[in-house]
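For reference, the structure discussed in these notes is given below.
Number of protein chains: 4
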Amino acid sequence: MGSSTGENVRLTVFGQSHSAAVGMTLEGIPAGEKIDFEEIKRFLSRRAPGRSVGSTARKEPDVPEFLSGFVGDVTCGAPITAIIRNTDARPADYAALSDVPRPGHADFTAHIKYGGAEDRSGGGHFSGRLTAPLCIAGGICLQLLKKAGVTVVSRVLSIGNVSDEGELGQNAPEGDIPTVSAESRLGMRRLIEKAASEGNSVGGVIECRADGLPAGLGDPIFGGVENRISAVVFGIPAVKGIEFGAGFASAKMTGLENNDAFVTENGRTVTATNNCGGILGGITDGMPLVFRIAVKPTPSIAAEQKSVNIRTGEEVALSVGGRHDACIVPRAVPCAEAAAAFAIYDMLQGRKKEI
Amino acid sequence: MGSSTGENVRLTVFGQSHSAAVGMTLEGIPAGEKIDFEEIKRFLSRRAPGRSVGSTARKEPDVPEFLSGFVGDVTCGAPITAIIRNTDARPADYAALSDVPRPGHADFTAHIKYGGAEDRSGGGHFSGRLTAPLCIAGGICLQLLKKAGVTVVSRVLSIGNVSDEGELGQNAPEGDIPTVSAESRLGMRRLIEKAASEGNSVGGVIECRADGLPAGLGDPIFGGVENRISAVVFGIPAVKGIEFGAGFASAKMTGLENNDAFVTENGRTVTATNNCGGILGGITDGMPLVFRIAVKPTPSIAAEQKSVNIRTGEEVALSVGGRHDACIVPRAVPCAEAAAAFAIYDMLQGRKKEI
Amino acid sequence: MGSSTGENVRLTVFGQSHSAAVGMTLEGIPAGEKIDFEEIKRFLSRRAPGRSVGSTARKEPDVPEFLSGFVGDVTCGAPITAIIRNTDARPADYAALSDVPRPGHADFTAHIKYGGAEDRSGGGHFSGRLTAPLCIAGGICLQLLKKAGVTVVSRVLSIGNVSDEGELGQNAPEGDIPTVSAESRLGMRRLIEKAASEGNSVGGVIECRADGLPAGLGDPIFGGVENRISAVVFGIPAVKGIEFGAGFASAKMTGLENNDAFVTENGRTVTATNNCGGILGGITDGMPLVFRIAVKPTPSIAAEQKSVNIRTGEEVALSVGGRHDACIVPRAVPCAEAAAAFAIYDMLQGRKKEI
Amino acid sequence: MGSSTGENVRLTVFGQSHSAAVGMTLEGIPAGEKIDFEEIKRFLSRRAPGRSVGSTARKEPDVPEFLSGFVGDVTCGAPITAIIRNTDARPADYAALSDVPRPGHADFTAHIKYGGAEDRSGGGHFSGRLTAPLCIAGGICLQLLKKAGVTVVSRVLSIGNVSDEGELGQNAPEGDIPTVSAESRLGMRRLIEKAASEGNSVGGVIECRADGLPAGLGDPIFGGVENRISAVVFGIPAVKGIEFGAGFASAKMTGLENNDAFVTENGRTVTATNNCGGILGGITDGMPLVFRIAVKPTPSIAAEQKSVNIRTGEEVALSVGGRHDACIVPRAVPCAEAAAAFAIYDMLQGRKKEI
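So this is what it looks like as structure tokens:
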């Protein structure tokens, strides 16, 4: 059905870009966990618009209201539901689009799927706004993972042709465009500004890394770490590819180059390299979990594009008005962390108590 | 739990490399569908060893026995179960490995996950042999899709640094290494032979394409086509990345370059390009569905590698004996088609009858 | 995980007796369905307190706010979420109970399950208040079923030893205690008043009937109509038994007595009797679906009972203060209809579009 | 989809009465568990035909072949699949029935559901034969439960109007008709013999009891113990009702009578009575879990009945030939234990490891 996911913890995301609210329900979070609501707000602020260059000027406070699942700030075992009201809705901006699907958007496919009954305002349920509830869920999972010694960090690995220099370590890179190299960040910013000035947009790649995972997480075949992280991460709009460890580069390697040798380090079996991205046979090996996602350029652009009036069949020129990001990659960074955190926490919760 | 997947049709895969049998159960296939069992055997023969250069000499007839779900050769609505006996089992070959995990394999992670009770013979449940039942399921789904006008074809896009020339069309490329260009195939074959002669292996990329899909398949957010195909495809051992349409290349594009313009063609709304790979907002748009997967080089190689005796902690040199493929990419091609066919058929079955 | 159910339509219920709100999410409702919100309010009012004799005086408006899933009053295919604010919360009434579990309630078991972190106010997530969101979902399903020609009605079959006379037909019985016989209703009312005056409570049996169901609904083995209705209906607090058709009475019959003969009526195959309650092999046969549920007496009673202080282990006398129903059976009637309507609609949605 | 169930452990049942085999797959059983295969055979023999008076003379060895999931007799974490070959198939007996559905059977409803493609031989996938794989699964779970200190026993509480005298305790009653009272057993046997001699059949009630369950099992609302046991138990053909604890009798009680007072016993909080059957709010309270199921009389009877030729619409007289039980209640006893054991083990496996 699509709007929910998870095996041991169940996440359901609801709402449309301009419905009364967007929100989420998390089932399966254990009772007795203290959650820092301020920390969740800070996490949400990382995906908020207006934070980095070229991002939409829409201002939403993005303050979640927790409706259930807590006694005070401690989980009580009941499903956690939180909502964010859509206070800054401006459906009028989108009125002109109604019969002309925006290229690269879900407008056309939603129209076919729902037979014309879809919510066309601002992308409806397909809007990037739905990553806000994803980030509420992720923010909760990140706190729970932290208690378990697991950290999740990420960076913008590239924007267009500008790549970040250096290796992503355990610590979270900072900056409006989180990169390891401040210079790379500068180059990325310039690229985004250029795209913004041209009414265009740019895509990029995000790299995510989780440390502190125990070996043995995940399940065989379809329950592997790759399957499960992909199943959540592709829930972020605009993601068109994912790779783990060396990923597509490993397809160019030989077995001798790609295999990660086992070695003993401080009495513990580890691998000398990490081409497998911390995953063998779909199961974690205790090394850092590393994956990268390809984010396509925002489809909403002011520059003129070709589309079709789906009512009349007439080909028309379209320039997408309203508020848009020239590059959503920086805002997608916390979303990627949220998706990873949820998927990882879900797997951790799959470990059964011995009976 | 991992060994089953699917929302509207449920696939469960069981067996170990050297258990009595491997097999699969498919629930949710409608009654009254005539299945060509010979066609399934032919499909299975494409993943059989010994078919292309450098593949393992293990000879298994791979003839499925259908235990249930049919009256004659017509489905009766009950779960379909088929098994393949493991007749050519040679557990002895693997005995030496028992305490030394093979680099790049699930040996180590399975050991941790199952606390030493894992089936170590030939990779147990993590063996590539488990793709045989996947192909039974895929073979059934391919026949059902064909009746619905949907075809799935694929090719080896690259082996190591050798890429296939030309575009993948609607027709299935032929050859032991299925490529569009016969010359590219020659280059790939040479590369595999070289790796085989060196006791090494090589990886590659497979491209898959489905035609005839109606627009409107898939679900929002976590139920998108990308999520669901990924969730199945990563069930094929050695897959380390997936991308849809332009995929990682789209991350280097601008919105103007990447957006697929809508145009009217024969009274139907189509896109002028297909950078989105036939998927917008997770929903099919009626254009060909295109994805590519990165297959890492087979980890089992004769060349000497480093590993650790997990019982003693001692570092040891390891050369994997037994029968192995120098390149599993060609054998993974029908597996990719099977995974795609299952995922697509599952989505088609998600379309509800109107009430 | 418990708070969600359904295979083709997914219902998630959230909230606690005294959290900010209770609510529900319904995924999988088709787009384009017009819903009458006033009709839902009327349906909810049937489970509202204060409507029949001996029911709690707690006054909640029970007006759902629909947060998502609609464009105007027409479904748009996105998950439907609705909440009801807990405006009349009086946690103070329950303070005294905190360490003394109420006999017959979930207080003790929730305490063990959640290790003391459970929400103790008014039963938390186990409160009968959670049937309000169930009724929102059921109210939506009832409207959709009606369009499909399916009606669901029910009656109070017995309160204590007073049974309703006559047969339940296709039309909904009326009255504060919905019965076929007005005289029986009078007897039931007297019994409830007596219990109320004694600080005691009484249980009863509810009978539910659905007409207009097509034959062929349901799935084999664990997916039978009985399995699925039970799985939802036991979600109503206080339900301790369920039977279909002749139910427990059929256990006293012979095959000749119990078997429903097939006969031809107006060219249609029907059964001469309906001891199977419209279900054979778990699948509907096109006859009315009939089931009955046993509702235990409300455990919250003013009369003195024995309990234990779970902190000290000391045995104590307990009289449950606050607002309580002397008989929840009449209020459980719409809940039973809601549960049945959801389960039936879920099965109807399981019918696949032919491909 | 019906033929699979379970949340933390997944059971899939496959096969038809006269397909090559019937069987089952269990996913989610932990690795490292030693299973006594002989014990499973003994358990299966309790549901075998020909064991008690009036049961069918069909002789099947019912010896399961374990195809996967084990290294020797120890589970390895992979899915467990076992099959039983249908060696004694006699489809000819059933040929005459083909167009005339047997009253009380799934023949008619399966025909409608599967559009005529259903397997008509011996009830196909709806046959009581499918309880053999259920008993394999249950036999495994019973062994695992025993290690955890949990026992499941049951008895025939009544056949027709003959009831068993006495209370069901922790120990399993013995006899071809397992009852507490040998005298009651005698009366039941006479009743069955009478029905058999008349070409008729009789129904009955089975009582099940589980001891040693920890308090705190189960989940709120739809995940309660009642919901989950019902969802499995109605998978046994002929079950038409279920009640927990006092069940339907509690509907006649007052709160003071029905509420189970909490008392302290050896420093532990227990209840003085057990009207709730060990379940409060859907969660176990640590007292014995008690439920009863109504089993309708076997519909297959030699005595003449009315039916309809579904091809011609003509009303015909029908006498069911072949091999049949005059009373399946005794054979259903191990099935009830198997269903309960699976559901309970599934809940136990839902307890998460602390992270």
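These protein sequence lines map, in sequence, to chains V, S, G and C. Numbering-wise (this note's numbering), the first sequence opens with residue 1 and increments by one. Numbering-wise (this note's numbering), the second sequence opens with residue 1 and increments by one. Numbering-wise (this note's numbering), the third sequence opens with residue 1 and increments by one. Numbering-wise (this note's numbering), the fourth sequence opens with residue 1 and increments by one. Where is the CB? At the ideal position from N, CA and C, for every residue including glycine.
Asked	Found
Segments assigned beta strand (DSSP E), at least 3 residues, entirely inside the region 254-313 of chain C	262-265, 268-271, 289-295, 305-308
Backbone CA spacing between Ala195/V and Val202/V [nearest angstrom]	7 Å
Beta bridge counterpart(s) of Arg120/C as assigned by DSSP	In DSSP, Arg120/C forms no bridge with anything.
Distance between Ala20/S and Arg85/S (C-alpha atoms, nearest Å)	6 Å
CB contact check: Pro103/G to chain C, cutoff 8 Å	yes
8 Å Cβ cutoff, Leu348/V in contact with chain C	yes
Closer than 8 Å to chain G by CB, Ala31/S	no
Buried versus exposed call for Val316/S [16 or more other C-beta atoms within 10 Å across all chains shown]	exposed
Distance, Leu168/C Cα to Phe262/C Cα	22 Å
Coil, strand or helix - Thr131/V by DSSP	helix
Beta-carbon spacing of Phe248/C, Glu226/C below 8 Å	no
Those residues which DSSP pairs with Thr5/C across a bridge	Leu11/C
Short CB-CB distance (under 8 Å) between Thr5/C and chain S	no
At least three beta-carbon pairs within less than 8 Å, the region 175-183 of chain V to the region 68-85 of chain S	no
Per DSSP, the bridge partner or partners of Lys352/V	Lys352/C
Beta-bridge partners of Thr151/G, as assigned by DSSP	Asp211/G
Runs of alpha helix (DSSP H) lying entirely within the region 158-228 of chain G, each at least 4 residues, in chain order	182-197
Cβ contact (3+ pairs, closer than 8 Å) linking the region 183-199 of chain G and the region 124-144 of chain G	no
Contact list for Lys353/S against chain G, beta-carbon separation under 7 Å	Arg351, Lys352, Lys353
Contacts around Pro237/C, its chain only, beta-carbon distance under 6 Å, and the 5 residues preceding and following it disregarded	Gly128
When Lys147/V, Gly278/V, Gln143/V, Val150/V are compared against Ile40/V, the one with the closest alpha-carbon	Gln143/V
The region 253-268 of chain V contacting the region 148-156 of chain V, beta-carbon criterion three pairs below 8 Å	no
Inter-residue spacing [alpha-carbon to alpha-carbon] between Thr271/V and Met287/V	7 Å
Chain C contact for Gln16/G (CB, 8 Å cutoff)	no
Cβ pair Gly383/C, Asp346/C closer than 8 Å	Nothing about residue 383/C can be read from this structure; chain C reaches only from 1 to 355.
Spatially closest choice to Asp62/V from Ile301/V, Ser68/V, Ala294/V, Thr87/V, by CA coordinates	Thr87/V
Arg102/G, DSSP secondary structure in three states	coil
Partners in chain G for Ala78/S, counting only beta-carbon separations shorter than 9 Å	Pro220
Interfacial residues, the region 140-153 of chain G to chain S, with Cβ spacing under 7 Å	Ala148
Against chain G: residues of the region 192-212 of chain C by CB proximity under 7 Å	Ala195, Asn200, Ser201, Val202, Gly203, Gly204, Val205
Chain-ordered chain C contacts of Ile83/S [CB-CB under 7 Å]	Leu67
Val162/S vs Ala294/S beta-carbon contact at 8 Å	no
Presumed contact (8 Å Cβ cut-off) between Gly218/C and Thr284/C, rounded CB distance	6 Å
8 Å Cβ cutoff met for Ala215/S and Thr109/V	yes
Nearest neighbour of Thr312/S, chosen from Ala251/S, Val100/S, Arg292/S [CA to CA]	Val100/S
Coil, strand or helix - Ile35/G by DSSP	coil
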